Amino acid sequence: MEIHKNKNIKWWIGTVSCASLFIIIGVFAFMKMNFLIHGVEIKATINNEEDSSIVKVAGKAANAVYISLNGREIFIDKDGSFEEPVTLLPGLSVVTLDAKDKFGKSFTKEFELIYKENQKVAVVEKVINTN
8 MEIHKNKNIK WWIGTVSCAS LFIIIGVFAF MKMNFLIHGV EIKATINNEE
58 DSSIVKVAGK AANAVYISLN GREIFIDKDG SFEEPVTLLP GLSVVTLDAK
108 DKFGKSFTKE FELIYKENQK VAVVEKVINT N
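Here the sequence shown is numbered in this note's numbering, starting from 8 and rising by one per residue.
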């Protein structure tokens, strides 16, 4: 003897509502914990508007609690933005940005700058390591 329940519209509405709620909670939790997966990230540019040896390193460090420029700590505002001037010597200069998040993950970005007097600065950008 086999007994089948008729699944009426109330059962389907309840089941779909429950499943939708769990999906919404899962997506919300993933979005809030996204910083754990991605860690810290630096987006930076070198700005040299004039033909001078002073350039500005500006950008944003997402999820960072500590950031340094060539080993010197720089300060970021609450949304992670920063801007620091750097004076270049003629020839090759290396600008290194190191950032760490509150879980110990680090990110290093390095710029190689070539400066010749009375000329624009040539920039080569590379990411050294992420962990």
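For each residue, glycine too, the CB sits at the ideal point set by N, CA and C.
This structure is a prediction, so every number in the text was calculated from the model and none was measured.
Assigned with DSSP and collapsed to three states, A51 falls in strand. Of the other Cβ atoms in all chains shown, 16 or more fall within 10 Å of the Cβ of I49; this residue is therefore buried. In its chain, beyond the 5 residues on either side, P97 have a beta carbon closer than 7 Å to the beta carbon of E124.
The DSSP-derived three-state label of K39 is helix.
Rounded to the nearest angstrom, the Cβ distance from L95 to S60 is 5 Å, consistent with a contact under 8 Å. With fewer than 16 other CB atoms across the displayed protein chains lying within 10 angstroms of its CB, V34 is exposed. Assigned with DSSP and collapsed to three states, V101 falls in strand. When DSSP states are grouped into helix, strand and coil, S27 belongs to the helix group.
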